[in-house]
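K.L.:
Just so you know, the protein sequences line up as chains A and B, in that order.
First residue of the first sequence: 584, per my numbering; consecutive thereafter.
First residue of the second sequence: 584, per my numbering; consecutive thereafter.
Just so it is clear, CB atoms sit at the ideal spot from N, CA and C, and this is done for glycine as well.
All of these numbers come straight from a predicted model, not from anything done at the bench.
2 protein chains.
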Amino acid sequence: MTEMNGSIRSDIHQPIRDRWSPTVFADRPVEAEKIATLFEAARWAASSFNEQPWRFIVGVRGEDETFEDLVTCLAEGNALWARHAAFLVLTMAKTTYDLTGEVNRHAWHDVGLATGNLSIQAAAAGLAVHPMGGFSPERARELFVIPEEWEPVAMLAAGYEDEPENAPEGVTARLKSERSRHPLAELVFTGRWGESRPLT
Amino acid sequence: MTEMNGSIRSDIHQPIRDRWSPTVFADRPVEAEKIATLFEAARWAASSFNEQPWRFIVGVRGEDETFEDLVTCLAEGNALWARHAAFLVLTMAKTTYDLTGEVNRHAWHDVGLATGNLSIQAAAAGLAVHPMGGFSPERARELFVIPEEWEPVAMLAAGYEDEPENAPEGVTARLKSERSRHPLAELVFTGRWGESRPLT
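(1) Please confirm whether A668(A) and G742(A) have their CB atoms less than 8 Å apart.
(2) My guess is that A737(B) and H689(A) are in contact by the Cβ rule of under 8 Å, so how many angstroms apart are they, rounded?
(3) Can you tell which of P598(B), P735(B) and S604(B) has its C-alpha closest to the C-alpha of S763(B)?
(4) If we define contact as Cβ-Cβ less than 8 Å, is P598(B) a contact residue for chain A?
(5) Counting only Cβ pairs nearer than 9 Å, list the residues of chain E close to A741(A).
(6) Note down, in chain order, every chain A residue with its Cβ under 7 Å from the Cβ of W664(B).
(7) Looking at the unbroken beta strand (DSSP E) that takes in L739(A), where does it start and where does it end?
(8) How would you call A665(B), buried or exposed, if buried means at least 16 neighbouring beta carbons within 10 angstroms?
(9) Which of the three DSSP states is assigned to N687(B) in this structure?
(10) Mind checking whether A809(A) and P598(A) have CB atoms under 8 Å apart?
(11) Between the Cα of T679(B) and the Cα atoms of S779(B), R724(B) and N687(B), which residue gives the shortest distance?
(12) Pick out whichever of R644(A), V728(A), P720(A) and R592(A) has its Cα sitting closest to the Cα of A615(A).
(13) Should P766(B) be listed as close to the ligand SAM, given that the test is whether its C-beta is under 7 Å from any heavy atom?
(14) Starting from F608(B), trace the beta strand (DSSP E) in both directions and tell me its first and last residue.
(15) Since L726(B) is in the alpha helix (DSSP H), which residue starts that stretch and which ends it?
(16) Take every Cβ of the stretch 586-595 of chain B, pair it with every Cβ of the stretch 759-775 of chain B, and state whether three or more of those distances are shorter than 8 Å.
(17) The alpha helix (DSSP H) spanning R638(A) covers which residue range?
(18) Measure from the C-beta of V641(B) to each C-beta in chain A and report whether the shortest distance is under 8 Å.
(19) What residues in its chain sit with their C-beta under 6 Å from that of K617(A), if we drop five residues either side in the sequence?
(20) Report yes or no: is there a C-beta of chain A within less than 8 Å of the C-beta of E651(B)?
(21) Comparing the C-beta of V613(A) with each C-beta of chain B, is any distance below 8 Å?
(22) With respect to the alpha helix (DSSP H) encompassing F622(A), which residues constitute its N-terminal and C-terminal limits?
(23) Go ahead and pull the three-state DSSP assignment for T674(A).
(24) Can you confirm whether T620(B), when its beta carbon is compared against all beta carbons of chain A, has any partner nearer than 8 Å?
(25) May I ask which residues mark the beginning and end of the alpha helix (DSSP H) holding P598(B)?
(26) Cβ atoms of R724(A) and L770(B): under 8 Å apart, would you say?
(27) Are the CB atoms of L673(A) and L653(A) within a distance shorter than 8 Å?
(28) Check the C-beta distance from F622(B) over to L726(B) and give it rounded, since I have them as a contact under 8 Å.
(29) State the start and end residues of the unbroken alpha helix (DSSP H) segment that holds V654(A).
(30) Hey, does G716(A) have any beta-carbon neighbour from chain B nearer than 8 Å?
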């Protein structure tokens with residue numbers, strides 16, 4: 584592996600360039616209309632056999648008890664900053680097909696596609712979405728009475744982001760400039776595994 | 584379940600509205616530069632612990648043998664139309680973390696996030712990407728010598744789309760107008776599973 588690097592090509596679609604996962608959110612509610620557009624974007628993602636194996640539980644800070652319930656599902660390290668987000672989401676995947684009952688091996692993948700749409704819609708609307716794997720699926724299942732055939736997948740903290748210097752006490756601000764990724768030559772192959780495909 | 588419906592809100596970000604999975608592609612190559620931007624977009628997706636558990640094998644029609652190799656991995660029904668795409672992609676997920684060797688339960692989900700970025704970048708560039716679950720992971724593993732800890736996830740057919748009336752012989756043209764999804768009231772909950780959250 585070579586070093587990871589932090590520069591994104593300038594010709595990438597703007598909301599994809601803008602999207603990142605901050606830990607500092609503004610103390611500002613998000614318009615209900617905007618929240619709705621995020622799920623509308625998710626709804627139109629692709630899925631295997633158009634199964635749409637995604638569901639979402641949403642809690643809005645200061646507006647419902649679901650938000651506080653969702654906070655209690657988070658790993659401690661995430662709860663520290665994510666409890667300041669404007670809203671929290673739990674994503675869930677149905678791992679069998681409605682029609683046949685057979686295993687849907689693309690369920691989690693397709694929840695990823697829907698969450699991708701949601702995140703890009705958010706970026707286009709000036710919002711940030713920080714996906715988290717660190718939470719208790721068991722607690723979520725119990726609290727929200729999630730049926731057996733559905734699996735809790737991820738949680739999302741969302742809202743308007745704020746400057747790192749406005750981080751609440753106890754919150755470590757991530758910096759966008761610190762983002763890094765593997766270079767394309769390590770990711771995109773041709774011929775066989777590991778043979779870099781030249782990309783211009 | 585109520586009826587699925589086919590209208591998408593008009594205030595959704597344009598490339599998300601435009602994205603769909605056609606079966607008719609134009610007989611026109613895609614600029615190498617544009618192909619590169621799709622993977623650059625994928626590279627910047629979010630992932631659990633920034634693991635970036637995604638790799639891609641790419642074949643370009645008329646340009647390399649990888650394209651023909653990828654066609655042979657497809658289910659017959661997909662090969663019929665997908666062999667006319669400008670390029671094909673195999674996506675792969677690493678199901679254990681590099682650092683700890685522990686299971687990464689978000690690997691497939693995160694490949695979905697990367698593929699979501701790729702698909703929106705494509706739509707913004709006037710291209711279409713049709714993800715497919717119907718292919719042989721075993722054949723792909725053997726042909727491309729994919730290491731054990733990586734799993735073939737999905738295949739993507741991509742290119743400029745063409746009008747349904749230009750479908751090659753034997754190809755059934757999907758119509759964009761026939762797309763449908765479950766209504767939001769069935770997808771977004773609050774309080775507990777199944778309790779629709781009102782969204783405006």
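P.N.:
Checking against the coordinates, here is how it stands:
(1) yes
(2) 7 Å
(3) S604(B)
(4) yes
(5) Absent from the structure is chain E; the protein chains it does hold are A and B.
(6) Those do not exist, as W664(B) stays about 16 Å from chain A at its closest Cβ, beyond 7 Å.
(7) W733 to G742
(8) buried
(9) coil
(10) Outside the shown range of chain A (584 to 783) lies residue 809(A), about which nothing can therefore be said.
(11) N687(B)
(12) R644(A)
(13) The ligand SAM is not among the ligands present in this structure, which contains no ligands whatsoever.
(14) No beta strand (DSSP E) contains F608(B), which DSSP labels as neither H nor E.
(15) P720 to F727
(16) yes
(17) Note, R638(A): premise wrong, no alpha helix (DSSP H); beta strand (DSSP E) at W637 to V643.
(18) yes
(19) A708
(20) no
(21) no
(22) A615 to R626
(23) strand
(24) yes
(25) Q597 to D601
(26) no
(27) yes
(28) Between L726(B) and F622(B) the Cβ distance is about 21 Å, and since that is not below 8 Å, they are no contact.
(29) E648 to C656
(30) yes
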